[in-house]
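Enquirer: Have a look at this one before I ask anything.
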Amino acid sequence: MSVIDQTVAIDIIGVHNEVFRISGPGSGRQGVQLMPKLTGAVDAPVKTLWIKSSYGQTFVDFLWQRRDMVFTVNIFDEEGDPERWKLIDSRWRFAFDYVKECTIRYTEKGSYRDLKVRLLEEPKAYESGSWEGKDPHLYACSTVVMTVAAQLPFYVGPSDFYDWEGDTSSGHVDIELNVDCDVPVWPKWTLTDQARWRLPDFSWGNNDYGTGLLDMGRTVLLPYLPLGAGCVADSDPRKQTLLAANRINLQGLWGGKDLLYPILGGTYDEIPVSVSDAVGGFRLQLEIPKWYSRPWSRPVGLI
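For the sequence shown, my numbering gives the first residue as 1, with consecutive numbering after it.
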């Protein structure tokens with residue numbers, strides 16, 4: 001096996017689903033190849049917060065920041081055909097947008113991590129190469145400097161899914177988690193109707209609400225889900241928590257309760273789920289997203 005076959009593949013999946021492999025095995029086959037000095041691609045950017053103290057400053061917290069990436073690609077036609085080069089150059093440019101997001105995908109050993117990005121500023125075309133400054137049709141080869149930004153600064157891998165079902169009116173199960181990423185993630189539950197569900201919402205030591213210790217074993221009882229009101233219970237604060245299939249106002253029936261906490265990266269533990277008053281059986285699916293601060297790593301807590 002050659003060294004290139006063991007490297008990480010980097011693909012750009014454009015806003016129109018164009019695919020360019022710019023690095024790794026098979027790179028350049030679409031006429032675009034990554035050049036050196038890629039920046040902003042590894043650790044997610046962070047700002048730490050400090051306050052003045054008697055002995056200098058005291059750490060308070062940290063905030064994830066927008067991720068900015070800058071990279072240069074070489075666009076070329078191997079046969080030196082200027083018309084073919086112009087086609088590749090146009091396809092590359094139109095793969096990126098200021099509003100729509102495209103995907104930067106890192107693939108290693110059969111698994112992948114995606115970063116969603118949009119243009120932060122206009123690309124800098126035909127000016128980085130030592131040969132440039134003339135009509136690029138002369139060479140059928142050019143460079144473009146891309147500056148992109150990711151509002152979610154994390155690489156997203158394939159989610160883990162856990163299923164549980166039964167044909168009784170009640171039940172209990174302990175789900176064993178394998179959260180091997182390094183960023184806290186928000187569980188998402190899909191629940192059948194005509195049942196009353198109790199879901200875990202452990203703090204995992206998170207003290208954002210001042211009750212981290214008290215909520216170490218926190219569980220929440222959902223309102224009864226009537227016929228047709230099978231729902232998604234999404235703890236992600238960017239989303240509505242309870243969304244019923246028939247669009248009834250489940251959130252309003254919950255008495256001001258909510259799912260509060262993410263699951264910490266590096267969590268290998270069990271969480272309890274129970275159901276009661278189920279009619280005709282029950283079923284749930286738990287989705288655990290996988291967010292990473294880097295495009296590659298090994299399981300957190302197991303190395």
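Each residue gets a CB set at the ideal place from its N, CA and C atoms; glycine is no exception. Predicted model only: the values in this text are computed from it and were never measured.
1. Go through the stretch 19–59 residue by residue and report every complete run of the beta strand (DSSP E) that reaches 3 residues or more, in order.
2. Can you have a look at Asp208 and say buried or exposed, based on whether 16 or more other CB atoms are within 10 angstroms of its CB?
3. Let me confirm a value: Tyr106 is counted as buried when at least 16 other C-beta atoms fall within 10 Å, else exposed. Which label applies?
4. What are the partner residues of Cys181, as DSSP defines its beta bridges?
5. Where does Asp89 sit, in a helix, a strand or coil, going by DSSP?
6. For the structure I just gave you, are there three or more beta carbon pairs, one from the stretch 239–247 and one from the stretch 264–271, closer than 8 Å?
7. State the Cα-Cα distance for the pair Gly56 and Glu121, rounded to the nearest angstrom.
8. Between the stretch 163–180 and the stretch 276–290, do three or more beta carbon pairs fall short of 8 Å?
9. Could you have a look at His16 and say whether DSSP puts it in helix, strand or coil?
10. Using alpha carbons as the reference points, say which of Phe59, Gly280 and Ser54 lies closest to Thr168.
11. Is Met317 buried or exposed, if buried means 16 or more other CB atoms sit within 10 Å of its CB?
12. For the beta strand (DSSP E) that contains Trp296, what are its first and last residues?
13. Whole-angstrom Cβ separation of Ile104 and Trp92, contact assumed at under 8 Å?
14. In angstroms with no decimal places, state the Cα-to-Cα distance between Val232 and Gly80.
15. Is Leu227 buried or exposed, if buried means 16 or more other CB atoms sit within 10 Å of its CB?
16. Determine the extent of the beta strand (DSSP E) in which Tyr209 is found, giving its start and end residues.
17. Rounded to the nearest angstrom, what separates Pro299 and Ala44 at their Cα positions?
18. Taking the beta carbon of Gly31 as the centre, do at least 16 other beta carbons fall within 10 Å, making it buried, or is it exposed?
19. Whose C-alpha, out of Leu260, Tyr224, Leu225 and Ala229, is nearest the C-alpha of Thr241?
20. Please report the distance separating the alpha-carbon of Asp97 from that of Leu119.
21. Using 10 angstroms around the beta-carbon of Pro158, count the other beta-carbons present and answer buried if the total reaches 16, otherwise exposed.
Expert: Taking the definition as stated:
1. Counting whole runs of 3 or more residues, the stretch 19–59 contains the beta strand (DSSP E) stretches 19–23, 32–34 and 46–53.
2. Exposed is the call here.
3. By the neighbour-count definition (other C-beta atoms within 10 Å, threshold 16), Tyr106 is a buried residue.
4. For Cys181, which the question treats as bridged, DSSP gives no partner whatsoever.
5. Residue state for Asp89 is assigned as helix, using DSSP reduced to three classes.
6. Output reads no: the stretch 264–271 does not touch the stretch 239–247.
7. Going from the Cα of Gly56 to the Cα of Glu121 covers about 39 Å.
8. Touching, yes.
9. In this structure, His16 counts as coil in the three-state DSSP scheme.
10. Thr168 has its Cα closest to that of Gly280, out of Phe59, Gly280 and Ser54.
11. There is no way to answer for residue 317, as the model of the chain reaches only from 1 to 303.
12. No beta strand (DSSP E) contains Trp296, which DSSP labels as neither H nor E.
13. The distance from the Cβ of Ile104 to that of Trp92 is about 14 Å, inconsistent with a contact at the 8 Å cut-off.
14. Taking the straight line from one Cα to the other gives about 54 Å.
15. Leu227 counts as exposed, since fewer than 16 other C-beta atoms from the protein chains shown sit within 10 angstroms of its C-beta.
16. No beta strand (DSSP E) contains Tyr209, which DSSP labels as neither H nor E.
17. Distance between the alpha carbons of Pro299 and Ala44 is about 17 Å.
18. Counting C-beta atoms within 10 angstroms of its own C-beta, Gly31 has 16 or more neighbours from the protein chains shown and is therefore classed as buried.
19. It is Leu260.
20. About 6 Å.
21. Burial state of Pro158 is exposed, judged by a 10 Å Cβ sphere holding fewer than 16 other Cβ atoms.
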